[in-house]
Structures are given as structure tokens and as C-alpha cells.
Amino acid sequence: MEPKCKKVTSFLFTMNKPKNPSMRRSKIAKSFRDLHLKEDDHELLITLRRIWKIAVGQPDDGEFPSLGIFQCMAKLIDRGIKDKNWISRSKNMLIPYYAAHIIGTYTMNKAELADIAVKSGVIPPLMELLRGKMSWIEQRVAVRALGHIANHRRTFKTLISSVHEEEIVKLTMEIASTCLNTVYLEYLNLKCENRLEYHRDLITRSAVEMEERKAEEWGIQLQCWSLYLLNCFVTKKRCIHLICNKEFLHDLCGMWGGLVNIHNSSFSGVSLIRSLCLSQEGRKRIASSREVIENLCHLSRSSDEWQMKAIESLLLLLKDKETRNEVMNITSPFLVDLVEFNNGKRTKVGDIVTQVLLQDYGSIKYRQLVLKEGSRSKKSEKVLEEVWNLKVERRKRDEMMSEEEFRERKLLVAMLKREGNQKFWCGEIEEAVEKYTKGLDLCPLKMKKERIVLYSNRAQCYLLVKEAESAIRDTTRALCLSGVTAPHVKSLWRRSQAYDMKGLARQSLMDCLMFVNQRSKLKGKKVKIIPYYAVRMLNKQINATNLFDQAGRRKSSIDESRQEDVSASQRRNESHEADMTKDKDHNKKFPRKINKFLSGKI
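Residue numbering for the sequence shown follows the working numbering, beginning at -1 and increasing consecutively.
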């Protein structure tokens, strides 16, 4: 046991008197050496908060790391875990949180500072917090600090040499999968007076009215930073077989961070899937999961912020010869709608998608393989023919078209559009679809505005006849033609409705949000007011996609099942008791019957 320090040089006083730099540095170093021995709890917490603010304001400043701040923070965490009497006194419960946060802040950007932290022994106490020695609040900053340490190549090697890499990966996977339920059960589900006081102090920071919202944000950050730590292992091609567990891949599809803005720390399940697709082993395991592929396909045709990550993942799977045939039948009906995707850059996403889909279209062997695989393969072959006709054949015909023929086509398309509109308003939906389809077939490719309107109008017809998938296809094509900078507003709303029909709440919500955002940018006062129907859709999908509501519903279903089990066991016990009473009565009557039989009465 080290002797307890009763007189420690005041850190705050030293910081405020920087006249002699060498003396100031020596006093700060002495403060760091003795800080973990300090008995004045109030002064210790004030000092630690001061250091935390300095670290957040200047995360790349190497002065404190060079003076021993990492050893100090590691000792404070270690003391908080081992000394129960000390940690339970006054505000000392806050100290491990601030200590781990300071470590993560200084190791965030510079590899040199992360190297000093590792050599100072911060990994063992951080691992104890990651194992759940305290609570999810400390896990949040511990997984953040370990993620920053693992992000630097040099310190990553030290991390996996000092800690068994399978242990840290399994712990992080478990945290990512269960942290939202943990936050709900241990904090949000409790009444205010039952929540831990130091948790409330850290979360609220004098903003009590934002307590639950802040707790939700911290829970989502814990999940995002866990995924970030896992991504550090994936990018270095470590433990991919563990991360590609079927159950965890299923959970990854739902890890999207919700609507909470977590600035630069944002990371999602799709980002991790995309990183897995960069390795051969990861592509094989992702390709074997139909659920993951379908989730990526739905994201690729949405206004979700992770849309491009989903498209990149699908293209990586299609470029690989070993996984191409396995995923082609699922992905091609979705990607065909993106072949004209204009993302506002010189290299358009639509052109890249076209190249990947048609990379071996002319191969005779591939065509024979596709035809042998059955109906699903014939469907993908039909999709590839559609892409070829749209991007190659029609483009050639349009280039050879004379100006007179172009004008005739333009007039004919306008006439078919008017006729389709008339059929629509008369309630003749199928006839309207035929008119719009003829107009799209005749419309030159460079008449983008006309094609956008025709696609969007036909999608409205499909909505009325409850053909949600066809409506999604047409609205997606209209949005790809209109581009990312100025998406077609009506198509956004119609696709949101179509996704709602299919029960895809996340995609419906993101389209509805984009619809409201784009509508507010239009000219005119009336259009800036959010329509009632959009508000209803937003409320519906926000409730459906709320991550913590799902945890609450899961808890209530578990409670109901437990109640059913209890009631069933009670019924079994009651029936058993009834049978026992019947047996007793029967045993009482049975000797009488024997006597009557022996006496000849019966």
C-alpha cells in the first residue's frame, strides 16, 4: 500500500500561475503522480473536471501526456474499481468516467499520444470497465478509448498482444447487441428517483429536462463506438470469423443509430458490413446471409444517409467472382433501378452500377450458367437484358435519331401523358398505366423531366392498386433521374407510402423526412408548412423505428410470457391438487366397496 498523500500541490493553483514554465511543469507532473492518493473528494473532482475540459479543448496537445496524465488516470480507474469504500464516498463515482474520457480524448487523433497511453498501462483498467465492472456509463467511454487506441496501427499491435483479441471482440459484440436494452432496463425504464444519482449528474449536467433524450443519445453512442472498435479489427483483417456470426449479422441490420446526430463519432452496422466486404472471408460470409443482402438492397433504394455504403457493399460482392453468382439473383432486381443514378459527381454511381452488372454479360459461359439455375436466374437474366437495352441499345437509337423524329416523339409523349392523366382521373388505373408505359418506351433518354413525371405518375397508379414494389421501382428511377441535389418531391412522398405498405418503417421515415426537407425549400409560403398527412406519417414511422421503444416492447413481451408461464404453472398446480383430493376421496370409499363385495351385497 502506498502512503496516503495529505498535502498535494494544487493543480488549479499551478495552472493559474504559469510564470516559470519549468517549475510549472514539475508541479503539474507531481500533481499527476499524487492525484490518485488525494483524500479531499471535492477538490479531486474539481481538478479532474478541469483536466477533462482542457483535454476536450486541446486533444492534440502533448504536454499533459508527457507529464504522466495517463498513469494518473489509469490509477484513478483502478482505485475506483478495487476500493469500494473510496468509490462510494461523496462524488467519487464520477471519477472513473472522467478518467476514461480523458484517455480517449488524448488518444483520438495522434498515434504518438496513443503510444504513450499504452506504455503507461491504460489498457488493463479500460478492459475492466469494458467487462462491466461498473456500469454502461463507464463502458461507453472505455469502448471509445479502446477504439481510438485500436485505430492506430502501432498501438493496435500492443493492444492485441496485451489482451486476448477474441475476448475483446466478443465483449464488444455483446455490448453492441445488448446496450440499448441495457440502457432501457437500467435507466430509461426506471422512475427518476430510482435512477443512480451519479448517472443523472453525468447525463443531465444541469439540463434535467433533456435527461431521457440525452440518455438515449449516450446509449446509441455506446453502440456506435462498439461498432467502431469492431471495425478496427475488421480493417486489419482480424477475428472476421467471429464478427460474421449469423446472430450478430442479424443484429447488425438493425444498428443504424436512429435519428440522433452523433457528429463525427457516428458509425453504423452498414459501415461495418461494408468493411467486411473489403475482405475475401467477409464477402463469403456476407453473401451467404440472405437477410443481410436484402437489407442492403432496401437501403440502396432509399434516402437513408447510409445509402452509398449499402451500394458500395453490393458492388463489392458483385465484383468478386466467388460471390457474384450467389448474390446476383437477389441484387439485380434492386440495382437495375439505380443504373441512371445521378449523384452530382463526375463519375456517376449509375454508370458504375451498370458496368458491374454488365461486366460479363457477353460471356457465353455465364449465360449458360444463368439459364441452368432456374426461374430466379432467368429473372436476373431478364434484368440484365433490360439494363443492356436501356444503357446501350436505346442510347444508340437516340444518337441516330433525327431532329424531326425527336420533335414527333416529344409531341407523342406529351399526348400519351395527357391521355394517361385523363384515364387516371376517370378511375381507369390499368389504362393509365398502359399510357404511361407507352410514353416511357417512346420518350428519348435525354428528356429527363418528362421521364421523371411519367415514372412518378405510374408509381401513383401502382399505389392505388396496392402494388408497392412496382411503385418503389418507378419512384426510385424518377429520383435517380432528378439527382441528389434536387430530388423529385412527389416521388419521395410516393415512395414513402410504398415503403409503408411493405412495412419498411426505416426507409419510409427517411423518405418522408427528405420530402418535408425538400418541400420546405420550394418557393411560396404554403409549401413551407408541413402537410398533415406528412406529420401523420412521420409520427407513425418514428414510433415504429424508435430503438428504445423496441426494447420496451421486448421487455413487455418477456413479462407477458413470464406471466403466462406463472399462470400456466398455477393452473397445473390447481389441477394437480384437485386430482389429489379426488384420489383421497376414492381411497376412502374403496375399502367400503371391498367389504360390500365380500359380504355379497354387490
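All C-beta atoms in this analysis are idealised placements derived from N, C-alpha and C, irrespective of residue type, glycine included. Bear in mind that the values here come from a model prediction, so they are computed numbers and not experimental data.
Of the residues assessed, residue 304 falls on the buried side of the cut-off, its CB having 16 or more other CB atoms within 10 angstroms. Between the C-alpha atoms of residue 91 and residue 23 there is a straight-line separation of about 29 Å.
The distance from the Cβ of residue 281 to that of residue 333 is about 17 Å, inconsistent with a contact at the 8 Å cut-off. About 5 Å separates the beta carbon of residue 120 from that of residue 101, a gap short enough to meet the 8 Å contact definition.
Within the same chain, Cβ atoms closer than 6 Å to the Cβ of residue 506 are found at 494, 497, 498, 539, the five residues on either side in sequence being excluded. Rounded to whole angstroms, the Cβ separation of residue 354 and residue 394 is 21 Å, and the two are not in contact under 8 Å.
Ranked by Cα distance from residue 139, the first of 152, 184, 201, 195 is 201.
Distance from residue 65 to residue 27 at the Cβ level is roughly 4 Å; contact confirmed, criterion being Cβ atoms closer than 8 Å. Of the candidates 357, 490, 271, 434, the residue whose Cα lies closest to the Cα of residue 418 is 434.
Rounded to the nearest angstrom, the Cβ distance from residue 234 to residue 154 is 6 Å, consistent with a contact under 8 Å.
If the five residues before and after residue 504 are omitted, its C-beta is found closer than 6 Å to the C-beta atoms of 543, all from its own chain and listed in chain order. Here the alpha carbon of residue 391 sits roughly 14 Å from the alpha carbon of residue 359. A contact is defined here as three or more CB-CB pairs under 8 Å, and the stretch 285 to 303 meets this definition with respect to the stretch 263 to 276. For the pair residue 383 and residue 411, the CB atoms are not nearer than the 8 Å cut-off.
In the DSSP assignment, residue 320 falls within the unbroken alpha helix (DSSP H) covering 319 to 333. By the Cβ-count criterion, residue 81 is exposed, with fewer than 16 other Cβ atoms from all chains shown falling within 10 Å of its own Cβ.
For residue 308, the closest of 321, 251, 159, 536 by C-alpha to C-alpha distance is 251. Following the DSSP letters along the chain, one finds residue 104 inside the alpha helix (DSSP H) bounded by residues 93 to 104.
Under the Cβ criterion (8 Å, minimum of three pairs), the stretch 218 to 230 counts as touching the stretch 167 to 174.
Residue 424 counts as exposed, since fewer than 16 other C-beta atoms from the protein chains shown sit within 10 angstroms of its C-beta. It is roughly 41 Å from the alpha-carbon of residue 112 to the alpha-carbon of residue 348. For residue 239, the number of other beta carbons within 10 angstroms of its own is below 16, and it is reported as exposed. Residue 311 and residue 247 have their C-alpha atoms roughly 14 Å apart. Between the alpha carbons of residue 321 and residue 479 lies a gap of roughly 30 Å. Straight through space, the alpha carbons of residue 387 and residue 377 are spaced by roughly 15 Å. For residue 280, the enclosing alpha helix (DSSP H) begins and ends at 278 to 285. Nearest to residue 533 by C-alpha distance, out of 513, 520, 546, is 513.
C-alpha of residue 107 to C-alpha of residue 518: approximately 38 Å in a straight line. Taken through DSSP and simplified to helix, strand or coil, residue 340 comes out as coil. Contact between residue 536 and residue 510 holds: CB atoms are separated by about 6 Å, below the 8 Å threshold. Counting along the chain, residue 251 sits inside no alpha helix (DSSP H), nor does DSSP assign it H or E at all. In the DSSP annotation of this structure, the continuous segment of the alpha helix (DSSP H) that includes residue 453 starts and ends at 446 to 462. Residue 188 sits away from residue 545, with the two beta carbons spaced by 8 Å or more.
Our two residues, residue 44 and residue 57, have alpha carbons roughly 19 Å apart in a direct line. Residue 289 sits in a helix when the DSSP states are folded into three classes.
In this structure, the straight-line span from the alpha carbon of residue 84 to that of residue 165 is close to 29 Å.
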